[in-house]
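Asks: Following my numbering, the numbering of the sequence shown begins with 9 at its first residue and continues without gaps.
Beta carbons: idealized from backbone N, C-alpha and C, even for Gly.
Attaching a single structure in structure tokens format; questions to follow.
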Amino acid sequence: MRTRAEVVIVGAGIVGCSAAYYLTRMGVRNVVVLDQGPLEDTGGSTFHAPGLCFHTNPGRAMEALALASSDMYRELHTPELPTWLELGGIEVATTPERLAECHRRQAYALAVGLETELLSPQQVAERIPLVDPDAILGGLHSARDGLCKAVNVCTVLRAAAGDAGAEFTGLTPVTGFQIAGGRVRGVETPNGSVAASTVLVCGGIWAPELQRMTGVPIPLQPMQNLFAWTAPVPELAGETEEARHPILRHQDRSIYYRQRYDGYGIGVYRHEPLPIDPEQFGSEQDGHRTALGPFTPEHFGDARDATNTLLPSLRDIDLAQPFNGFFSFSPDGYPILGPSAQLEGLWFAEGIWVTHAGGAGRAVAELMTAGRSEIDMRQSNPDRFQRFQTTRAYVRARGAQNYREVYDIIHPLQQMEHPRGLRTLPYGQRMEEAGAVFVESAGWERAQWYESNAGLPEPPGVQHRDEWAARLWSPIIGREHHATRQACGIFDLTPFTKVEIEGPGAVDWLNRVCASEMDRPVGKVIYTTVLDEYGGVFCDLTVTRTGDHRFLVVTGGGSGPRDVAWLRRHLPEGGGVTMTDVTSATSVIGVWGPRARDIITQVSSDDWSFPYLDAREVEIGPVPALALRISYAGELGWELYTAAEHGRWLWDTLFEAGRPLGAAPVGLGAFDSLRVEKGYRFAGQDMHTEYTPAEAGLGFTVNLSKSAFIGREALLREREQGGPRRRLCCMVLDEPDGAPLGYEPILVDGRPVGYVTSANFGYTVGRSLVYGYLPSELAEPGTRVSVRVFDHELGGEVSSEPQYDPSGERVRG
Ligand code: FAD
Numbered sequence: 009m010r011t012r013a014e015v016v017i018v019g020a021g022i023v024g025c026s027a028a029y030y031l032t033r034m035g036v037r038n039v040v041v042l043d044q045g046p047l048e049d050t051g052g053s054t055f056h057a058p059g060l061c062f063h064t065n066p067g068r069a070m071e072a073l074a075l076a077s078s079d080m081y082r083e084l085h086t087p088e089l090p091t092w093l094e095l096g097g098i099e100v101a102t103t104p105e106r107l108a109e110c111h112r113r114q115a116y117a118l119a120v121g122l123e124t125e126l127l128s129p130q131q132v133a134e135r136i137p138l139v140d141p142d143a144i145l146g147g148l149h150s151a152r153d154g155l156c157k158a159v160n161v162c163t164v165l166r167a168a169a170g171d172a173g174a175e176f177t178g179l180t181p182v183t184g185f186q187i188a189g190g191r192v193r194g195v196e197t198p199n200g201s202v203a204a205s206t207v208l209v210c211g212g213i214w215a216p217e218l219q220r221m222t223g224v225p226i227p228l229q230p231m232q233n234l235f236a237w238t239a240p241v242p243e244l245a246g247e248t249e250e251a252r253h254p255i256l257r258h259q260d261r262s263i264y265y266r267q268r269y270d271g272y273g274i275g276v277y278r279h280e281p282l283p284i285d286p287e288q289f290g291s292e293q294d295g296h297r298t299a300l301g302p303f304t305p306e307h308f309g310d311a312r313d314a315t316n317t318l319l320p321s322l323r324d325i326d327l328a329q330p331f332n333g334f335f336s337f338s339p340d341g342y343p344i345l346g347p348s349a350q351l352e353g354l355w356f357a358e359g360i361w362v363t364h365a366g367g368a369g370r371a372v373a374e375l376m377t378a379g380r381s382e383i384d385m386r387q388s389n390p391d392r393f394q395r396f397q398t399t400r401a402y403v404r405a406r407g408a409q410n411y412r413e414v415y416d417i418i419h420p421l422q423q424m425e426h427p428r429g430l431r432t433l434p435y436g437q438r439m440e441e442a443g444a445v446f447v448e449s450a451g452w453e454r455a456q457w458y459e460s461n462a463g464l465p466e467p468p469g470v471q472h473r474d475e476w477a478a479r480l481w482s483p484i485i486g487r488e489h490h491a492t493r494q495a496c497g498i499f500d501l502t503p504f505t506k507v508e509i510e511g512p513g514a515v516d517w518l519n520r521v522c523a524s525e526m527d528r529p530v531g532k533v534i535y536t537t538v539l540d541e542y543g544g545v546f547c548d549l550t551v552t553r554t555g556d557h558r559f560l561v562v563t564g565g566g567s568g569p570r571d572v573a574w575l576r577r578h579l580p581e582g583g584g585v586t587m588t589d590v591t592s593a594t595s596v597i598g599v600w601g602p603r604a605r606d607i608i609t610q611v612s613s614d615d616w617s618f619p620y621l622d623a624r625e626v627e628i629g630p631v632p633a634l635a636l637r638i639s640y641a642g643e644l645g646w647e648l649y650t651a652a653e654h655g656r657w658l659w660d661t662l663f664e665a666g667r668p669l670g671a672a673p674v675g676l677g678a679f680d681s682l683r684v685e686k687g688y689r690f691a692g693q694d695m696h697t698e699y700t701p702a703e704a705g706l707g708f709t710v711n712l713s714k715s716a717f718i719g720r721e722a723l724l725r726e727r728e729q730g731g732p733r734r735r736l737c738c739m740v741l742d743e744p745d746g747a748p749l750g751y752e753p754i755l756v757d758g759r760p761v762g763y764v765t766s767a768n769f770g771y772t773v774g775r776s777l778v779y780g781y782l783p784s785e786l787a788e789p790g791t792r793v794s795v796r797v798f799d800h801e802l803g804g805e806v807s808s809e810p811q812y813d814p815s816g817e818r819v820r821g
């Protein structure tokens with residue numbers, strides 16, 4: 009075994025093998041892969057997974073990873089060592105809701121360029137003769153789906169990576185990490201240590217053990233999944249091919265199926281979730297540990313009934329090889345892929361299915377070698393979790409719930425039921441009294457709207473939504489929107505992530521990480537973008553200079569941990585700048601609307617005439633606050649920052665003064681419609697690293713003439729090459745009642761050209777608005793577009809933006 013490596017990979021399952029393969033192809037030769045089990049069958053999940061790969065997945069990145077993976081498995085395929093059987097796949101519907109969901113999934117797939125087909129029951133039975141057509145309403149067919157022969161994939165990848173310089177060693181458990189000076193230095197094994205400045209953890213279900221070795225959270229919950237190979241099926245007698253039938257999902261009953269010669273494999277999610285901890289992984293196979301446990305037939309009953317109905321040929325068939333296999337679920341269902349901000353040199357590629365393993369291996373290798381992956385992996389960033397989201401109880405509860413919901417129809421706004429109420433707003437009780445309909449965000453309980461606003465006047469524009477689009481929506485949202493435009497809305501903004509930056513090097517450092525000029529006078533508020541080396545928008549920030557060497561930096565609540573980790577990672581070596589997260593210590597309330605100044609001057613004797621994008625230390629009654637003249641609603645007003653313990657007092661005081669002038673509490677539903685109407689971008693949706701500021705319509709946040717900053721060279725190149733290739737556009741739908749919810753495909757002449765990044769109804773302008781990126785040549789007002797929602801298309805047109813107050817008079821008012 010080598011004693012020194014450029015990269016050590018822990019785990020030789022399909023993810024570790026794939027990462028090793030791509031790393032060597034990208035020029036990292038000295039890769040050492042260690043596994044606790046024998047390489048030919050390590051005992052990990054890969055070695056007993058049946059290998060079904062469906063491409064229709066929740067989320068664009070997951071669909072892109074699935075496509076990249078099947079491309080890889082197809083490329084590796086040889087008749088001697090098959091790695092990929094492109095059989096197609098069918099998701100059957102047995103309820104009208106599921107049939108509608110098939111249409112929705114078909115639309116989402118189209119947005120990533122994946123063609124699928126809706127089949128009649130008879131057409132499904134023609135492709136899978138075991139299916140009873142009378143038991144179903146139809147099915148969604150994807151020709152690209154298939155079976156991955158994961159064990160063979162590992163064999164081929166080990167050989168190819170080995171030829172390129174990698175070394176694979178089995179029966180060598182990693183028992184510890186060498187850590188010094190805040191970074192990884194290598195790993196320890198019973199056979200000696202391997203020095204390496206980079207270690208990639210691909211340990212599958214053993215992640216919690218590896219977490220204990222480094223102290224860095226890997227929030228994953230191993231779960232048991234029931235699987236059984238059946239006895240021979242008489243209808244398949246004599247079958248010589250491994251599989252001819254497309255792979256099959258019966259999501260209404262949470263079951264998946266595949267053929268294996270004259271038998272079938274049946275996998276089941278429809279049972280009480282069975283979380284399992286590493287201490288319980290007791291089972292040993294030939295002296296090493298495996299991701300397998302004893303079969304629990306009591307959890308198979310429903311699958312039996314459902315199979316009898318859907319596939320009568322399998323009626324009460326014997327289960328020849330049943331077992332419970334283990335694999336992991338993260339709190340939000342996405343993988344954990346990328347570098348850890350907590351320990352330099354530590355990387356993760358965890359929580360990944362066979363379906364995504366090839367693409368995930370490539371993505372992590374790209375991140376390690378080039379600092380960016382072709383597929384935007386922001387949703388898988390290991391730093392995305394709040395601290396409480398990595399506690400054992402939380403990870404367990406969320407892992408179990410994600411397992412339960414794996415085949416459910418999930419509405420884009422669907423709320424988790426448990427755990428809730430983990431972070432309490434200072435004025436949470438007041439929100440409850442006002443009839444808040446609560447939604448969870450980063451652990452906070454936030455209002456989507458307030459029932460007490462039901463009697464507010466109707467807005468000029470009214471939208472009628474169908475049942476799907478009306479979930480977690482209410483016409484009250486329009487009334488709150490209107491109250492903000494007419495009088496004043498009072499908004500809970502406490503969940504913003506807030507950090508104080510301090511030190512003699514603060515200005516220079518901010519100028520290096522932000523695209524705008526940050527050396528502005530004390531009291532200025534700067535809205536800026538932060539870019540990656542490729543000029544992509546990593547995040548946007550509101551930065552307020554609160555002293556010569558002091559700044560308040562504000563970013564989103566959900567993206568906060570990731571953004572803060574990124575900023576920390578870029579802090580200058582040798583000190584000079586400190587960062588303090590003050591999120592939990594600070595309460596923030598937004599007061600926005602034409603009457604905002606009339607309200608605030610009743611409770612504060614300070615001068616509130618200071619201009620837009622300025623900040624002032626103020627006193628509101630006895631409470632000190634920092635007021636930022638900025639508004640995400642596009643109206644006159646302020647964000648008021650005060651100590652957390654003053655939050656409730658401030659809330660009460662603002663309402664007492666504001667109510668007679670028409671002020672209302674306003675929830676997130678209206679918050680979003682206000683900002684869409686005003687054309688304000690939402691980080692993570694309307695912009696992320698796939699897009700440059702110019703493409704996102706945020707060119708105004710970039711100052712190319714200032715000193716060097718991250719991403720500048722890439723933006724100069726973009727300019728030299730003729731400017732952006734795509735642009736974020738506002739599109740107005742013909743039908744005001746059309747209500748896309750995000751990620752639907754945008755078509756021009758029937759061809760997919762983009763997808764919906766944001767959509768909402770503009771209650772003031774009375775139009776249904778959609779944002780999405782279009783190729784520059786189409787990004788002109790007047791271009792006809794359509795948005796596919798379920799099985800119908802909504803016509804619309806590219807328009808100028810913003811739709812509301814394009815001159816910005818209101819916000820400066
Ligand atoms: P693994 O294959 O488990 O590899 C991790 C490796 O790390 C193991 O070899 C382990 O020995 C090694 N390791 C751990 N700790 C150490 C240590 N300290 N030192 C050295 N080595 C260590 N996915 C699909 O896409 N389609 C399916 O149809 C499908 N069906 C499934 C059915 C079942 C019953 C199960 C259990 C899983 C299924 N999956 C499926 C999920 C899929 O199998 C896994 O998500 C995937 O194989 C994980 O790959 P991996 O490389 O991350 O993990």
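For the structure I just gave you, are there three or more beta carbon pairs, one from the region 210 to 225 and one from the region 70 to 81, closer than 8 angstroms?
Replies: No: the two stretches stay apart, fewer than three of their Cβ pairs being nearer than 8 angstroms.
Asks: Are three or more beta carbon pairs between the region 297 to 304 and the region 81 to 101 nearer than 8 angstroms?
Replies: Because the criterion of three Cβ pairs below 8 angstroms is not met, the region 297 to 304 and the region 81 to 101 do not touch.
Asks: Is it buried or exposed for ASN410, if we count other Cβ within 10 angstroms and need 16 for buried?
Replies: On the sequence shown, residue 410 is found 402 positions in, with the first residue counted as 1. Classification of ASN410: buried, given that the 10 Å Cβ count is 16 or more.
Asks: Given this structure, state the Cα-to-Cα distance separating ARG82 from ARG720, to the nearest angstrom.
Replies: By 1-based counting over the sequence shown, the position of residue 82 is 74. By 1-based counting over the sequence shown, the position of residue 720 is 712. So the alpha carbons of these two residues sit roughly 39 angstroms apart.
Asks: ASP43 and THR32 - do their beta-carbons sit closer together than 9 angstroms?
Replies: What you label residue 32 is simply residue 24 of the sequence shown in a count that begins at 1. What you label residue 43 is simply residue 35 of the sequence shown in a count that begins at 1. No, Cβ-Cβ distance for THR32 and ASP43 is not below 9 angstroms.
Asks: What beta strand (DSSP E) runs, 3 residues minimum, are completely inside the region 508 to 583?
Replies: Entirely contained in the region 508 to 583, the beta strand (DSSP E) runs reaching 3 residues are, in chain order, 533 to 539, 545 to 555 and 558 to 563.
Asks: When DSSP labels each residue in this structure, what does LYS686 get in the three-state scheme?
Replies: As a first step, residue 686 must be located in the sequence shown, where it is residue number 678. Helix at LYS686.
Asks: Starting from VAL435, follow the alpha helix (DSSP H) in both directions and report where the run begins and ends.
Replies: Position 427 of the sequence shown holds residue 435. The sequence as given places Tyr at residue 435; Val does not occur at that position. Per DSSP, TYR435 belongs to no alpha helix (DSSP H) and is neither H nor E.
Asks: DSSP beta-bridge partners for THR177?
Replies: Translated into the one-based positions of the sequence shown, residue 177 becomes position 169. DSSP output for THR177 lists LEU42 as bridge partner(s).
Asks: Going by CA-CA distance only, name the one from THR248, LEU107, GLY275 and ILE485 that's closest to TYR5.
Replies: Given that the chain is displayed from residue 9 to residue 821, the structure contains no residue 5 and the question cannot be resolved.
Asks: Is DSSP giving LEU184 helix, strand or coil here?
Replies: Reading the sequence shown from its first residue, position 176 is the one you call residue 184. Just to set this straight, residue 184 is Gly in the shown sequence, not Leu. Of the three classes helix, strand and coil, the one that applies to GLY184 here is strand, per DSSP.
Asks: If you draw a straight line from the alpha carbon of PRO512 to that of GLY584, how long is it in whole angstroms?
Replies: Counting from 1 along the sequence shown, the entry for residue 512 is found at position 504. Counting from 1 along the sequence shown, the entry for residue 584 is found at position 576. Distance between the alpha carbons of PRO512 and GLY584 is about 6 angstroms.
Asks: Could you give the distance in angstroms between the alpha-carbon of GLY170 and the alpha-carbon of GLU358?
Replies: As a working mapping, residue 170 is identified with position 162 in the sequence shown. As a working mapping, residue 358 is identified with position 350 in the sequence shown. If you take the alpha carbons of GLY170 and GLU358, they lie about 22 angstroms apart.
Asks: Please go through the same chain and pick out, in chain order, the residues whose beta-carbon is closer than 6 angstroms to the beta-carbon of ASN233, but skip the five residues on each side of it.
Replies: As a first step, residue 233 must be located in the sequence shown, where it is residue number 225. These residues qualify, in order along the chain: GLY333.
Asks: Just mark ASN199 as buried or exposed, buried being the case when its beta carbon has 16 or more other beta carbons within 10 Å.
Replies: The sequence position of residue 199 within the sequence shown is 191, counting from 1. Exposed is the call here.
Asks: Considering only the beta carbon of each residue, do GLU703 and ARG725 sit closer than 9 angstroms?
Replies: Position 695 of the sequence shown holds residue 703. Position 717 of the sequence shown holds residue 725. Going by C-beta atoms, GLU703 is not nearer than 9 angstroms to ARG725.
Asks: Does the ligand FAD have a heavy atom nearer than 8 angstroms to the CB of GLU217?
Replies: Here residue 217 refers to the residue found at position 209 of the sequence shown. The answer is yes for GLU217.
Asks: Measure the C-alpha to C-alpha separation of SER807 and LEU375 and round it to an integer number of angstroms.
Replies: Here residue 807 is taken as the residue at index 799 of the sequence shown, counted from 1. Here residue 375 is taken as the residue at index 367 of the sequence shown, counted from 1. So the two alpha carbons sit approximately 37 angstroms from each other.
Asks: Which residues mark the beginning and the end of the alpha helix (DSSP H) in which ARG112 is found?
Replies: Working through the sequence shown from its first residue, we reach residue 112 at position 104. Residues 104 to 119.
Asks: When burial is assigned at 16 or more other CB atoms within 10 Å of the CB, is ARG400 buried or exposed?
Replies: Sequence index remark: in the sequence shown, residue 400 carries index 392 (1-based). ARG400 is exposed by the Cβ-count criterion.
Asks: Measuring straight from C-alpha to C-alpha, what distance separates VAL182 and GLU175?
Replies: Locating residue 182 in the sequence shown gives position 174, counting from the first residue. Locating residue 175 in the sequence shown gives position 167, counting from the first residue. Going by the C-alpha atoms only, they are around 15 angstroms apart.
Asks: Flag this pair as touching only if the region 641 to 652 and the region 673 to 688 have three or more C-beta atom pairs under 8 angstroms; answer yes or no.
Replies: Segments in contact, yes.
Asks: Using a Cβ-Cβ cutoff of less than 8 angstroms, which residues in the same chain neighbour ILE638 once the five nearest sequence positions on both sides are dropped?
Replies: If you number the sequence shown from 1, residue 638 lands on position 630. Excluding sequence neighbours, ILE638 sits near VAL533, TYR535, THR550, TYR620, LEU621, TRP646 and GLU647.
Asks: For THR64, tell me which candidate among ALA678, GLU653, TYR415 and PRO281 has the shortest Cα-Cα distance.
Replies: Your numbering for residue 64 matches position 56 in the sequence shown. When each option's Cα is compared against that of THR64, the closest is TYR415.
Asks: With a threshold of 8 angstroms, are at least 3 pairs of Cβ atoms found where one atom belongs to the region 251 to 264 and the other to the region 345 to 361?
Replies: Taking 8 angstroms as the limit for Cβ pairs, the verdict is that the region 345 to 361 does not touch the region 251 to 264.
Asks: According to the neighbour-count rule (16 or more other Cβ atoms, all chains shown, within 10 Å of its Cβ), is SER715 buried or exposed?
Replies: Here residue 715 corresponds to residue number 707 of the sequence shown, with the count starting at 1. Exposed: under 16 other Cβ atoms inside 10 Å.
Asks: Could you say which of ALA523, GLN114 and ILE98 lies nearest to PRO66 if we only look at CA atoms?
Replies: Numbered from its first residue, the sequence shown carries residue 66 at position 58. Comparing Cα-Cα distances from PRO66 to each of ALA523, GLN114 and ILE98, the minimum goes to GLN114.
Asks: Which value, in whole angstroms, describes the spacing of the CA atoms of LEU755 and ALA523?
Replies: Here the question's residue 755 lines up with position 747 in the sequence shown. Here the question's residue 523 lines up with position 515 in the sequence shown. Computed Cα separation, rounded: 33 angstroms.
Asks: Helix, strand or coil: which one does DSSP assign to PRO760?
Replies: Against the sequence shown, residue 760 aligns to sequence position 752. Correct three-state label for PRO760: strand.
Asks: Heavy atom of the ligand FAD less than 8 angstroms from the Cβ of HIS279, yes or no?
Replies: Along the sequence shown, read from residue 1 onward, the residue named residue 279 stands at position 271. No; taking the cut-off as 8 angstroms, the Cβ of HIS279 has no heavy atom of the ligand FAD nearer than that.
Asks: Report the rounded CA-to-CA distance for PRO339 versus ALA604, giving the unit in angstroms.
Replies: As a working note, residue 339 is residue 331 in the sequence shown. As a working note, residue 604 is residue 596 in the sequence shown. Roughly 40 angstroms between the two C-alpha positions.
Asks: Scan the region 261 to 316 and note each continuous beta strand (DSSP E) run of 3 residues or more that stays entirely inside, going in chain order.
Replies: Segments of the beta strand (DSSP E) lying fully in the region 261 to 316: 263 to 268 and 271 to 276.
Asks: Considering Cα atoms alone, identify which of LEU421, THR591 and ARG667 is closest to GLY497.
Replies: Against the sequence shown, residue 497 aligns to sequence position 489. GLY497 has its Cα closest to that of ARG667, out of LEU421, THR591 and ARG667.
Asks: In its own chain, which residues sit with a C-beta less than 6 angstroms from the C-beta of THR315, not counting the 5 before and 5 after it?
Replies: For the purposes of this step, residue 315 is taken as residue 307 along the sequence shown, with counting starting at 1. Result list for THR315: LEU322, in chain order.
Asks: Just to confirm my understanding: we take GLY566, look at its own chain, exclude 5 residues before and 5 after, and list those with CB closer than 7 angstroms. What are they?
Replies: Residue 566 sits at position 558 when you count from the first residue of the sequence shown. Contacts found: SER449 and ALA450.
Asks: Between TYR542, VAL224, TRP361 and GLN811, which has its C-alpha nearest SER381's C-alpha?
Replies: Counted from its first residue, the sequence shown places residue 381 at position 373. Out of TYR542, VAL224, TRP361 and GLN811, TYR542 has the C-alpha closest to the C-alpha of SER381.
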